[in-house]
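Some notes on the structure that comes next.
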Amino acid sequence: MASVSELACIYSALILHDDEVTVTEDKLNALIKAAGVTIEPFWPGLFAKALASVDIGSLICNVGAGGGAAPAPVSTGGAAPAAEAPAKVEEKKEEKKEESEESDEDMGFGLFD
Numbered sequence: 251m252a253s254v255s256e257l258a259c260i261y262s263a264l265i266l267h268d269d270e271v272t273v274t275e276d277k278l279n280a281l282i283k284a285a286g287v288t289i290e291p292f293w294p295g296l297f298a299k300a301l302a303s304v305d306i307g308s309l310i311c312n313v314g315a316g317g318g319a320a321p322a323p324v325s326t327g328g329a330a331p332a333a334e335a336p337a338k339v340e341e342k343k344e345e346k347k348e349e350s351e352e353s354d355e356d357m358g359f360g361l362f363d
């Protein structure tokens, strides 16, 4: 869980971003002081440096996106193994669908009987 100091810096950075102001240590300190929150002095500098090279808007929009994509497997044998993999997955899905339909019939009653 985030500490009060972290939350104060996060909210201050969001306020600055919303007002389209560059996030700096001095501006974070000014907002935190105006809010009457007491924090450890290293947090605003840490946040300012961390957010200096990051687009805060893209961070906000991609909150639920998770991490980056998994790296593609490297194959030296050509594209044939990669082409076979999706076919196997589709076959398994079809088998599972057929099994689930059969299991409903095994119960001796249907939805509309």
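Numbers given in this note's numbering equal positions in the sequence shown, counted from 1, plus 250.
No residue lacks a Cβ here, since even glycine has one placed at the ideal position from N, Cα and C.
Please report the distance separating the alpha-carbon of Asp269 from that of Ala298. Reading the sequence shown from its first residue, position 19 is the one you call residue 269. Reading the sequence shown from its first residue, position 48 is the one you call residue 298. Rounded to whole angstroms, Asp269 to Ala298 spans 16 Å at the Cα level.
Segment limits, alpha helix (DSSP H) that includes Ser303: As a working mapping, residue 303 is identified with position 53 in the sequence shown. Neither: Ser303 is in no alpha helix (DSSP H) and is coded neither H nor E.
Taking the alpha-carbon positions, what's the Ile306 to Lys283 distance? Counted from its first residue, the sequence shown places residue 306 at position 56. Counted from its first residue, the sequence shown places residue 283 at position 33. Each residue's Cα considered, the two are about 22 Å apart.
Give the C-beta separation of Lys277 and Leu264 to the nearest angstrom, bearing in mind that I take them to be a contact with Cβ-Cβ under 8 Å. The sequence position of residue 277 within the sequence shown is 27, counting from 1. The sequence position of residue 264 within the sequence shown is 14, counting from 1. Lys277 to Leu264, Cβ: 12 Å. No contact.
My output table needs one value for Glu270: the three-state DSSP class, helix, strand or coil. Against the sequence shown, residue 270 aligns to sequence position 20. Here Glu270 sits in coil by DSSP.
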